[in-house]
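Protein chains in written order, with this note's numbering: chain L, 584 to 1357; chain P, 1452 to 1650. Let me begin by presenting the structure, written as structure tokens, before commenting on it.
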Amino acid sequence: MFVLSVIPLAWGYLLADRALRESQRWLRWTLAYALGLLSFFIGVNALFYWLPLRWAVHATVALLGLGSVILIYLPGRRPVHVARRLGPIEGPVLAILALTAFFQALFWQMQWSDDDFFIHAPVMALFFRDVFPTQNPYFPHLTFVTHYGRDLTISAVSVLFGEHFLAVQYILTAANQAAAVLVSYFTARRFLQSPAQALWAVVFAFAGINFDGRRGLLETFQNNNSFATLFVFLNVYLFLTALARRSRLLALISGTALGTFAVFYESSFGLLGLTFAFFPMVLCALRWRWRLGYFTGTAIVLVIAGVLALVEGGIVTELAKRHVFRASAGPQFREEERRMSHELKIRIPKPGFTITGPFKGDEYPLWSRRLAEDAGTFVPLLPLTGALMLLRRKPWGILMAGLSALAILIPALIDFGTFNSESLRFLIVGGAGGAMLFGVALGMLWEKARGWGTMPRAIVAVVLAGVASISIWPSARSAYDVLRAAALYPRDHYLVAEEWGCTVVLPHLPCEPIDVSAAIALRPFIRPGDHVLVDFRDDNLATLMSAEATFVTFARTFLSGPGLRIVPEGNPSQMTPLWDAEGFRARVFFATGEVSILDDLDVDYVSLNPANLAPSVYAKIRRDPRLERVVHVEWPGGGAVREAYRVKPAATPEAWTPPRPFRIVSLTKPPEMLARWVYPVTLSLTGDGPGIPRLRLSYEVRLLQGTLANANDEVRLPVTLHRNGSGQWTGTLWLATPYEAGRYEVHLFAWDGSTRSPLRDPSGGPVTFSIDVH
Amino acid sequence: MTPSVRGLIGALVLLAIPLSVGAVDPPSIELEILGHPKEVPASSSFYVQVKLTNAGTVPVRGCTIELGQVVSPDPCLALGYRFFKAPRRLDVASVDTVQVLSRREVLAPGQSIERSVRLVSSRQSATGQVHLYAISGQPGALVWSHEAFTIVVAEASYEAKRRAMTTLALFAIYVAGVGWALVRIAKAILPVARRACSS
């Protein structure tokens, strides 16, 4: 099957050769990869709306094969392949950079897989269940508007490689990095008309800049980044080539590539669109010559891109739907749910003209030192380097300066609401562009110095070497660490994801290799749309989320049981957790084994670790007729067991005692309560009922100002009452505590059929009690 | 000594008692190994059954360990282990740690728990002792209880060897590529590396 992957590559090559008429051999091959990947995605994305993923992939491959045959036999002028050899320095330097970009990304992923594994891996896995358009793996009832291009591309390509999608992710990401080095270099070289300037530009973008937490584009490959970087440079190449050649066909290809990019990274898509729109005006103003061709070419690119972005899916399409058709997630959704759905609200201008810090959520002005920390040291020099490009009339430099300037200005000009802390997406583009322009300026200086005497030339060489060394050192160090780890610990680098999950390199995850075995054993039982409740517990939310994500990725299913956290006022930082892996109802189920909670949670399967449960709870689960054990996995050598149970529907609906006659007299709660835990609360009641009354109670936990802490996660569970004298009863209610420490009020409710009413005290008032959670 | 001074000293002593109890009576955790495998492959996961008893007077919770340091404010408990050689200095960074209790769980005085804990075997094959430690207390005042058992760490599994070979092969490709590029650069820069003109 993997042989079929040659077809998109062949299509990409023919497109580069016959349509783009690309004469540079290395660039042609790189374009073959990038255009092949993009074309493959376009086909799969379009067909996936009507066909299952596997069919969509094969149909796309067939269409690309047909297209390739047509391109081969299409009459037309063959391109003249001019053999332009790379220089004796530029070729090897470029090779080192591309090889390092490839292998650094590959080896890092073979150890750690991804930064945001918790969201990307389950989404990729769910594509194999034909879940499309995307749905949130943790909150399937919410719409999930996201840039899914990268995830769908990887899943679709992996259909040709035995569905080993994590291994395919590693290879594609690494290949994207190397391809981005080559496309950016050859584009810069062509339009700057200087190999030295292009080389300096690319070296500084990939290795000479430090963004907040990342060292150059070499280290910015996780999540969507490698796809975003490659397609930004590809779009710049296509647009400039289309304008330079004044070709309608190239404008069509450029527009299609730009429009498709919207599904990969809408922020960079918007930046490119705006930059392209301004570019012909700047160019004509500089040349004092009106060229209609520039404007019509640009208009074709932007119109095609815009139309495509409006219909193909993703955030831009969803935004358009909301504004044009007034479609919305609905007023019934809470702010927390809107945030989880990625419902974007835009306001222009942003008050204060400030940038929101990505990791703290605070605001800082454009002249703050923080900008250099977040976007890199070359951004403050952007006015100078941009002016230099204008003065020297370098179209590539002007385009990159415009792109960088917009990337810095947009997060200060546009208010993206709760998404303001995603400013790093813009700042990375601005920082990389600023670094490239700085590199070009150094390249110009070097070229100028070549004509000077020996001593000044030597001084310039030493200065340039010094600047380059200082800039590149952190990137070199980071690449060295990754490569050294590969050489020293080769066993800890995994291409087979099933061996990687929860193993040696991730010792502090609360999951173990046996959990991966259990997930794989459960996979054949799962049907599309099924939900699984899993039993992982940890104090660290990030590792807990990773553990749950690992399970649902290997089982290829939706998760049940997470809860939404309260969204803080103002701009939450990227580090603010929006949801918690251990929801209220999930915790109460594992503390009680009460199956009716699973109905409320819409659970189809429960996976558990018997050692985590109290013996009485495990025994209750084992003998419950509604739970059928379908998976029992033991670790070879003993010591660990995992089980999974199918939740069967109740044969007859359970009969609950009407709550009306009962009144709460008092309640006893534990003296100390910790966050994210479950505690028994003893209720004393008065009233009368037949036999042994079994009430159905529920509770809401609210902050003192009224905000609901268990939104969409109201715990509803049976409380069996025990007679404690005539008309006196006691019962135990299991109380799940909120995610954060603080003082809360608990409101108790009783259920009569499907009607909820407040549980009353003897005076007839609703029962509310406060808890202090530490 | 006047009665008022005696009274003052008495009051100071009484005030000091709770402080000194916390200071001189750190948690005392008894560690017992209930079961372990005799032989495991290198670089693999295996399980050891342990019993932990809080024989002290203060309750303990699970430790939070960050960057090789216990950072929990309260008395806490974690498990540490090391293959073959006991660490020279008993500090958390010198052992691999395992969480046996969450921060939200309490092991009260006199209470015991039995746990099956996952350890990861050493990379190299050898026969020797696995040193197991119950680490309890607070930062700066940790108490280490030690137990050991003998284990044979056999050769790594086929999968582990295949992984190593794949990674090393990829690494070799990288080194060869960079080496070739460096030779080309050296030839371009250094006059001695340039080939002499045939004429």
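For every residue, glycine included, the Cβ atom is placed at its ideal position computed from N, Cα and C.
Here the alpha carbon of residue 767 of chain L sits roughly 37 Å from the alpha carbon of residue 1085 of chain L. The count of Cβ pairs closer than 8 Å, one atom from the stretch 1527-1538 of chain P and one from the stretch 1567-1587 of chain P, reaches three, so the stretches are in contact.
Shown here for residue 1166 of chain L: same chain residues with a beta carbon closer than 7 Å to its own, the five before and five after excluded, namely 1144, 1145, 1146 and 1296 in chain order. Counting only runs of 3 or more residues that sit fully inside the stretch 1542-1569 of chain P, the beta strand (DSSP E) segments are 1547-1549, in chain order. By the rule that beta-carbons nearer than 8 Å mark a contact, residue 1579 of chain P does not touch chain L. No residue range can be given for residue 1292 of chain L, since it is assigned to no alpha helix (DSSP H) and is classified by DSSP as neither H nor E.
Looking only at L/771, L/834, L/850 and L/774, the smallest Cα-Cα distance to residue 808 of chain L is reached by L/850. A direct Cα-to-Cα measurement between residue 1272 of chain L and residue 703 of chain L gives close to 52 Å.
Of the candidates L/847, L/1157 and L/1291, L/1157 places its Cα closest to the Cα of residue 1007 of chain L. If you ignore the 5 residues before and after residue 1265 of chain L, its C-beta comes within less than 7 Å of the C-beta of 1250, 1251, 1313 and 1315, all in its own chain and listed in chain order. By the beta-carbon neighbour count (other beta carbons within 10 angstroms, threshold 16), residue 1575 of chain P is exposed. The beta carbons of residue 592 of chain L and residue 626 of chain L sit no closer together than 8 Å. Per the coordinates, the alpha-carbon of residue 1098 of chain L lies some 34 Å from the alpha-carbon of residue 587 of chain L. With respect to chain L, the C-beta atom of residue 1617 of chain P has a partner C-beta closer than 8 Å.
Counting along the chain, the unbroken alpha helix (DSSP H) around residue 833 of chain L starts and ends at 831-844. Of the candidates L/1270, L/1298, L/1327 and L/1294, the residue whose Cα lies closest to the Cα of residue 1288 of chain L is L/1327.
For the 8 Å CB-CB criterion, residue 1594 of chain P and residue 1568 of chain P do not form a contact. In this structure, L/806 is the residue among L/1277, L/806, L/824 and L/1058 with its C-alpha nearest to the C-alpha of residue 692 of chain L. Taking C-beta atoms as the reference points, residue 839 of chain L and residue 862 of chain L fail to come closer than 8 Å. At the C-beta level, residue 1554 of chain P and residue 1515 of chain P come within 8 Å of one another.
Residue 1501 of chain P has a beta carbon lying at 8 Å or more from every beta carbon in chain L.
Under the three-state reduction of DSSP output, residue 1091 of chain L falls in the coil class, being neither helix nor strand. Residue 1200 of chain L has its alpha-carbon roughly 12 Å from the corresponding atom of residue 1191 of chain L. Shown here for residue 997 of chain L: same chain residues with a beta carbon closer than 8 Å to its own, the five before and five after excluded, namely 929, 930, 931, 932 and 933 in chain order.
Residue nearest to residue 1029 of chain L within the set L/1014, L/1063, L/1261 and L/1048 is L/1048 (criterion: CA-CA distance).
In the assembly as shown, residue 724 of chain L is an exposed residue. Its beta-carbon has fewer than 16 other beta-carbons within 10 Å. For residue 1497 of chain P, the closest Cβ of chain L is nearer than 8 Å.
Separation of residue 688 of chain L and residue 753 of chain L (C-alpha to C-alpha, rounded to the nearest whole angstrom) is 7 Å. Across the structure, residue 945 of chain L and residue 939 of chain L are spaced so that their CA atoms are roughly 5 Å apart.
Under DSSP, residue 1266 of chain L takes part in a beta bridge, and its partners are L/1250 and L/1314. For residue 960 of chain L, no CB of chain P lies under 8 Å from its own CB, so it is not counted at the interface with that chain. Distances from the CA of residue 1622 of chain P to each of L/1074, L/893, L/1024 and L/677 were compared; the closest alpha carbon is that of L/1074. At least 8 Å separates the CB of residue 1510 of chain P from every CB of chain L. Rounded to the nearest whole angstrom, the CA to CA distance from residue 788 of chain L to residue 1605 of chain P is 47 Å.
Straight-line spacing of the CA atoms in residue 1498 of chain P and residue 1484 of chain P works out to 11 Å.
Between the alpha carbons of residue 655 of chain L and residue 722 of chain L lies a distance of about 48 Å.
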